[in-house]
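For the record, in the sequence shown the residue sitting at position 105 is 1431 according to my numbering, with numbers rising by one throughout.
Notes follow the structure.
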Amino acid sequence: MNKYISVNKEGIKALQRTFKVKGKAICERCVKNALAYRTDNELARKIRFAAIKHHGGCTYYNIPEGEFFFDSDSCARAIYSNGAEIYLDKQTGGGILYGPKGEVVARYDHVMLTQINEIKRMAETL
1327 MNKYISVNKE
1337 GIKALQRTFK
1347 VKGKAICERC
1357 VKNALAYRTD
1367 NELARKIRFA
1377 AIKHHGGCTY
1387 YNIPEGEFFF
1397 DSDSCARAIY
1407 SNGAEIYLDK
1417 QTGGGILYGP
1427 KGEVVARYDH
1437 VMLTQINEIK
1447 RMAETL
């Protein structure tokens, strides 16, 4: 899983002007390395903090499909590269596993946390 902070070009320029090493503004590569978590020192941590707090930075994660659930309309959803999808309704506790062509493969009542890995494995194998 890769993690990075996205900041627009103006934000990167502002971060360069804000942080100095030996009285000189830091280079663009230094800022980009800090935002991409390629460096982890005190300066990099300060750059990341300032990017989020003062320059509209937003943290993103690059992870494979199916490794996470995202929240949409009080429903936790996972989408897989094979086209399968899992919908877990947070209000009713029910769940539906859809196959690659959108067909309902399985329905679940009152999904327990212990069942989620089994449902994920089933989705991956469709």
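By construction, the Cβ of each residue, glycine as well, lies at the ideal position given by its N, Cα and C atoms.
**Prompt:** Which residues mark the beginning and the end of the alpha helix (DSSP H) in which Ile-1442 is found?
**Reply:** Numbered from 1 along the sequence shown, position 116 holds the residue referred to as residue 1442. It spans 1439 to 1451 - the alpha helix (DSSP H) in which Ile-1442 sits, taken as one unbroken run.
**Prompt:** Counting along the chain, where does the alpha helix (DSSP H) carrying Asn-1359 start and finish?
**Reply:** Residue numbering aside, residue 1359 sits at position 33 when the sequence shown is read from its first letter. Run containing Asn-1359: 1354 to 1361, per the alpha helix (DSSP H) assignment.
**Sheet register partners of Gly-1421 (DSSP bridge)** = In the sequence shown, residue 1421 corresponds to position 95, counting from 1. The partner list for Gly-1421 (beta bridge, DSSP) reads Leu-1414 and Tyr-1434.
**Asked** According to DSSP, what are the bridge partners of Arg-1403?
**Response** Start at 1 with the first residue of the sequence shown, and residue 1403 comes out as number 77. DSSP lists Phe-1396 and Tyr-1413 as partners of Arg-1403.
**Asked** Ile-1331 bridges to which residues according to DSSP?
**Response** Here residue 1331 corresponds to residue number 5 of the sequence shown, with the count starting at 1. DSSP, once it has assigned bridges, lists Thr-1385 as partnering Ile-1331.
**Prompt:** Should Ala-1410 and Gly-1425 be called a contact, given that it needs their Cβ atoms to be closer than 8 Å?
**Reply:** By one-based count along the sequence shown, residue 1410 stands at place 84. By one-based count along the sequence shown, residue 1425 stands at place 99. Yes.
**Prompt:** Is the beta carbon of Ile-1331 less than 8 Å from the beta carbon of Ala-1377?
**Reply:** In the sequence shown, the residue the question calls residue 1331 occupies position 5. In the sequence shown, the residue the question calls residue 1377 occupies position 51. Yes, the Cβ-Cβ distance between Ile-1331 and Ala-1377 is below 8 Å.
**Request:** Please determine, among Gly-1382, Leu-1423 and Thr-1385, the residue with the shortest C-alpha to C-alpha distance to Arg-1433.
**Result:** For this step, residue 1433 is matched to residue 107 along the sequence shown. That would be Leu-1423, whose Cα lies nearest to the Cα of Arg-1433.
**Beta-carbon proximity of Gly-1392 to Ile-1405, cut-off 8 Å** = Locating residue 1392 in the sequence shown gives position 66, where the first residue counts as 1. Locating residue 1405 in the sequence shown gives position 79, where the first residue counts as 1. Going by C-beta atoms, Gly-1392 is nearer than 8 Å to Ile-1405.
**Request:** Count the other C-beta atoms from every protein chain shown that fall within 10 angstroms of the C-beta of Val-1430, then say buried if there are 16 or more, exposed otherwise.
**Result:** In the sequence shown, the residue the question calls residue 1430 occupies position 104. Under this definition Val-1430 is an exposed residue.
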